[in-house]
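In our numbering, the protein residues as written are 6 to 327. All C-beta atoms in this analysis are idealised placements derived from N, C-alpha and C, irrespective of residue type, glycine included. Structure, as structure tokens:
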């Protein structure tokens, strides 16, 4: 290989909070990635202006503008930080051209991916990053599932109002539905439920998450150890991810079962996990851990994708340059 450390070019569609933070992460921490283009639809966008100042190719022409950029033929991966509706067209057009997509919207066309759980899914052409609440909480559900069958899991994600831009607010219904579905498919729960709370407190509070899981009876020590291992796996790419306090356990006896909607009466072990996620403050403030966990997870997936594409010799960008 001609390149000692080959890097693949990426484009970001959506120069808002998430897109701009992703750009900064790629520029500072990209091991196999480099910025190719930043794409938006508003010529006055602050994110586009910032990218332009950094010498990155930009367009306010949306997807069509990206296709027209000279650098497009070198781009291997596109991060989509727009909306669920817009993502469907982006997927249709870009996947037909051999570009892999990392979907930071709740569109969920491709498989759900949480790096701590199923990074092996990076072979797919379209990866869905679930939601910020999902990235933070579903690893905890999966940790319980590794020890005992989970009947029901409920997560509450509380984020600072100021960190919730127009994209987050427009997608709240999709947030709850996508997170619920991923609690079941990735977390392993029979039934899932997701709640998001926008906290208007000033100064803004960092992201807080609560996870409740009702499972079959199991060893509390084994569940706690599984959770500790999973926390460490998430911290490998989100250093500000941590338990707020020790895991709490309650026994639900057979004679006093809980009614799980859609499942009926269940008893066993109730596990309560309290988390906080502090952002790395690359571009966004540290209270915006909800956005930082999304961009950090997306970056981890893109790095894994790039490594595989380089190793297999199928990277579009390297073909263009060799």
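Once DSSP output is grouped into helix, strand and coil, what is the label at residue i?
i           : result
residue 134 : coil
residue 319 : coil
residue 219 : strand
residue 329 : No answer is possible for residue 329: it lies beyond the span of the chain, which begins at 6 and ends at 327.
residue 47  : coil
residue 326 : Residue confidence for residue 326 is low, a pLDDT of 49 falling below 50, so the modelled location carries little weight; the figure read from the coordinates is stated next. Three-state DSSP puts residue 326 in a helix.
residue 151 : coil
residue 89  : helix
residue 165 : strand
residue 80  : strand
residue 7   : Here residue 7 scores only 45 on pLDDT, less than 50, and its place in the model is too uncertain to base an answer on.
residue 22  : helix
residue 271 : strand
residue 243 : coil
Per the DSSP calculation, residue i is bridged to which residue(s)?
i           : result
residue 197 : 158
residue 253 : 277
residue 39  : 14
residue 212 : 282
residue 248 : 280
residue 108 : 85, 133
residue 27  : In DSSP, residue 27 forms no bridge with anything.
residue 62  : 42
residue 263 : 271
residue 202 : 163
residue 288 : Bridge partners of residue 288: none, in fact.
Going by beta-carbon coordinates alone, are residue i and residue j separated by less than 9 Å?
i           : j           : result
residue 65  : residue 85  : no
residue 135 : residue 157 : no
residue 175 : residue 212 : no
residue 19  : residue 109 : yes
residue 276 : residue 216 : yes
residue 164 : residue 201 : yes
residue 87  : residue 16  : no
residue 50  : residue 153 : no
residue 28  : residue 288 : yes
residue 294 : residue 246 : yes
residue 257 : residue 218 : no
residue 274 : residue 220 : yes
residue 322 : residue 79  : yes
residue 98  : residue 14  : no
residue 264 : residue 191 : no
residue 121 : residue 235 : yes
residue 310 : residue 127 : yes
residue 22  : residue 296 : yes
residue 259 : residue 272 : yes
residue 308 : residue 35  : yes
Check whether the stretch 29-43 touches the stretch 105-120, counting contact only when three or more Cβ pairs, one atom from each stretch, lie closer than 8 Å.
no
Are there three or more Cβ pairs, one per stretch, closer than 8 Å when the stretch 168-176 is compared with the stretch 145-157?
no
Contact between the stretch 178-198 and the stretch 123-141 (3+ Cβ pairs under 8 Å)
yes
Would the stretch 274-292 count as touching the stretch 113-133 if we require 3 or more Cβ pairs under 8 Å?
no
Pair every Cβ in the stretch 49-67 with every Cβ in the stretch 197-210, then say whether three or more of these pairs are closer than 8 Å.
no
Touching or not, the stretch 192-199 and the stretch 295-305, by the rule of three or more beta carbon pairs under 8 Å?
no
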